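Novice: Sharing a structure with you now.
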Amino acid sequence: MSIGQGHTAYGRYARGIGLNPINILPLELESGSGAPFFTAGPVAIKKTGQSIKVAHTDGSRIQHGRKIALSVGLTELSHEPAHERHGLGMWEFPLTLPIPEGYDRKERDFYPPHDHKDYRWAMVVDLDKCIGCGACSVACYAENNLGVVGEQRVLQGREMAWLQIQRYEDPERRGKITFLPMLCQHCDNAPCESVCPVYAPHHSKEGLNNQIYNRCIGTRFCSQDCPYKVRRFNWFVWEWPAPLNLQLNPDVTVRTKGVMEKCSFCIQRIKDAHNKAKNEGRKILDGEVTPACLQTCPTGVFTFGNLMDVESEVRKKVADKRAYQVMGYLNAKPAVIYLKKVVQEI
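Numbering of the sequence shown is given in this note's numbering, commencing with residue 1 and proceeding in unit increments.
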């Protein structure tokens, strides 16, 4: 049984949250010193007939046969890849980068590619390094002024996390878990952009799928069309009673009720790098923009950079044999490229 929480103090937001199993152990005083210590006495456990729902946001633990969290064996990785047959099916669909080179107007694409000027921001996520600690998600909360909804709202499906760690079991070995950080994919053919009646989801000249809060009227059409389900709807006017208001990031807008929101690749940090580069009369250098998730990750899962720069680290990593796009066969051309987890065959 896990020991933790069971708060009886720490303010109105923590009080009464969780249970403390230590309370069932008798507390005794050591003879002589009078120091308290716990003893494991006889404890009876019986069914009460009651049940509680577990609040979690990681969804299903199986992939339902879809191309989501992939792994590759050491043997397969050590051999030169055979000539891949490209097609339109789930497993034959090629890696389609969100730049003009990833478009094929003859077979796959109806619309012409976007003209990205100087920059096309993208992220590479190495599943072999992810340990599922959730530090990236916590950093995203702190950096982007996300509302904390609490257990009851999570049970209602109203979580607000822009970045979540999803867990998937290996279908052949249920004990083997793959952690997959899921965030807005900043697609080049973003389904959310075409369905909004007020053009709140906006495709920037640098490839970012921006969300213009002042335009949003809360239809949630974008969330319906997003295959990755990474957009969040604000159901409440968030309160930040003093001194909690001091923790808000002044560089990020605080959203309110009725507005959709999602990962922005920490656009405030991109803008800051733009201003610095402009003042120095140069372009943004590779590695100069560091989103909060990348800054906080203890194992170096994330790589962020400009795909238009062929010498950038992110451009080099998308050429890895392990590179793929989650549900890439939908042809949304996501700018978040994943690297398969490396597993050792039994």
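We put the CB at the ideal spot given by N, CA and C, even for glycine. A quick note: this is a predicted structure, and the numbers were derived from the prediction, not measured.
Let me check understanding here. Comparing Cα to Cα, which of Thr299, Arg15, Arg232, Ile24 lies closest to Ile45?
Specialist: Checked all of Thr299, Arg15, Arg232, Ile24; the closest Cα to Ile45 is Ile24.
Novice: Grab me the residues of Thr75's own chain with a C-beta within less than 8 Å of its C-beta, minus the 5 sequence neighbours each way, in chain order.
Specialist: The residues are Glu345.
Novice: Please state the DSSP three-state secondary structure of His202.
Specialist: Strand.
Novice: Trp121 bridges to which residues according to DSSP?
Specialist: For Trp121, which the question treats as bridged, DSSP gives the partners Asn306.
Novice: Are there 16 or more other CB atoms within 10 angstroms of the CB of Glu261, so buried, or fewer, so exposed?
Specialist: Buried.
Novice: Just curious, the alpha helix (DSSP H) that Phe221 is in, first and last residue?
Specialist: Element bounds for Phe221: 221-225.
Novice: What are the start and end residues of the beta strand (DSSP E) that includes Ser71?
Specialist: Taken as a continuous stretch (DSSP letters only), the beta strand (DSSP E) holding Ser71 covers 71-73.
Novice: For a quick check, are the C-beta atoms of Met160 and Arg255 less than 7 Å apart?
Specialist: In this structure, Arg255 does not lie closer than 7 Å to Met160 by Cβ.
Novice: Name the two residues that bound the continuous alpha helix (DSSP H) containing Ile270.
Specialist: 267-279 is the extent of the alpha helix (DSSP H) around Ile270.
Novice: DSSP on Glu101, reduced to helix/strand/coil?
Specialist: Glu101 falls in the helix class under three-state DSSP.
Novice: List the endpoints of the continuous beta strand (DSSP E) containing Lys341.
Specialist: Run containing Lys341: 341-343, per the beta strand (DSSP E) assignment.
Novice: Would you give the residue range spanned by the alpha helix (DSSP H) that Lys8 belongs to?
Specialist: Just to set this straight, residue 8 is Thr in the shown sequence, not Lys. Looking at the DSSP string, Thr8 is not in any alpha helix (DSSP H), and its letter there is neither H nor E.
Novice: Say the cut is 6 Å; is the CB of Asn145 nearer than that to a heavy atom of the ligand NAP?
Specialist: In the structure on display, the ligand NAP does not appear, and there are no ligands present to speak of.
Novice: Check Leu77 in the structure and name its three-state DSSP category.
Specialist: Helix at Leu77.
Novice: Hey, could you find the ends of the alpha helix (DSSP H) Thr296 is sitting in?
Specialist: Unbroken alpha helix (DSSP H) run through Thr296: 292-296.
Novice: What residues match up with Ile165 in a beta bridge as DSSP calls it?
Specialist: Beta-bridge pairing links Ile165 to Pro181.
Novice: Helix, strand or coil for Pro193, going by three-state DSSP, please let me know.
Specialist: In the sequence on display, residue 193 carries Glu and not Pro. Three-state result, Glu193: helix.
Novice: With distances taken from CA atoms, which of Ala190, His114, Leu97, Gln247 is nearest Val230?
Specialist: Nearest C-alpha to Val230: Ala190.
Novice: By how many angstroms is the C-alpha of Glu80 removed from the C-alpha of Trp235?
Specialist: Trp235 and Glu80: Cα-Cα distance of roughly 51 Å.
Novice: Look at the alpha carbon of Pro298 and the alpha carbon of Gln50, and state the distance between them as a whole number of angstroms.
Specialist: Straight-line Cα distance between these residues: approximately 40 Å.
Novice: Between the C-alpha atoms of Tyr199 and Gly6, what's the straight-line distance to the nearest angstrom?
Specialist: Straight-line Cα distance between these residues: approximately 45 Å.
Novice: Measure the beta-carbon distance from Ala332 to Gln166 and round it to whole angstroms, keeping in mind my assumption that it falls under 8 Å.
Specialist: That belief does not hold up - the Cβ atoms of Ala332 and Gln166 are roughly 18 Å apart, past 8 Å.
Novice: Would DSSP call Leu244 helix, strand or coil?
Specialist: Helix at Leu244.
Novice: In this structure, what does DSSP give as the bridge partners for Ile337?
Specialist: Partner(s): Val124.
Novice: Among Asn20, Ser78, Leu95, which one has its Cα closest to the Cα of Leu330?
Specialist: Of Asn20, Ser78, Leu95, the residue nearest in Cα terms is Leu95.
Novice: Under three-state DSSP, which class holds Gln152?
Specialist: Residue state, collapsed to three classes: helix.
Novice: By alpha-carbon positions, which one of Leu307, Glu311, Thr57 ends up nearest to Gln164?
Specialist: Answer by Cα proximity: Thr57.
Novice: Within this structure, are the beta carbons of Lys341 and Leu127 separated by less than 7 Å?
Specialist: Yes; because the gap between Cβ atoms is below 7 Å, this pair is in contact.
Novice: Does DSSP classify Tyr141 as helix, strand or coil?
Specialist: The answer is helix: DSSP assigns Tyr141 an H, G or I state.
Novice: Identify every residue that forms a DSSP beta bridge with Asn23.
Specialist: DSSP, once it has assigned bridges, lists no residue as partnering Asn23.
Novice: Relative to the C-alpha of Gly59, which candidate in Thr219, Glu101, Arg269, Leu180 has its C-alpha closest?
Specialist: Taking only the C-alpha atoms, the option nearest Gly59 is Leu180.
Novice: Roughly how many angstroms separate the alpha carbons of Phe221 and Arg282, rounded to a whole number?
Specialist: Approximately 40 Å, taken between the alpha carbons.
Novice: Does the beta-carbon distance from Thr303 to Glu313 come in below 7 Å?
Specialist: Against a cut-off of 7 Å, the Cβ pair of Glu313 and Thr303 comes out as a contact.
Novice: Under 8 Å, with one C-beta from each stretch per pair, do the stretch 88-103 and the stretch 317-330 reach the 3-pair mark?
Specialist: Result yes; three or more Cβ-Cβ pairs closer than 8 Å.
Novice: Work out the CA separation of Pro250 and Gly18 for me, nearest whole Å.
Specialist: Taking the straight line joining both Cα atoms gives about 32 Å.
Novice: How about Val54 and Val301: do their beta carbons lie closer than 7 Å?
Specialist: Taking 7 Å as the Cβ cut-off, Val54 and Val301 do not qualify as a contacting pair.
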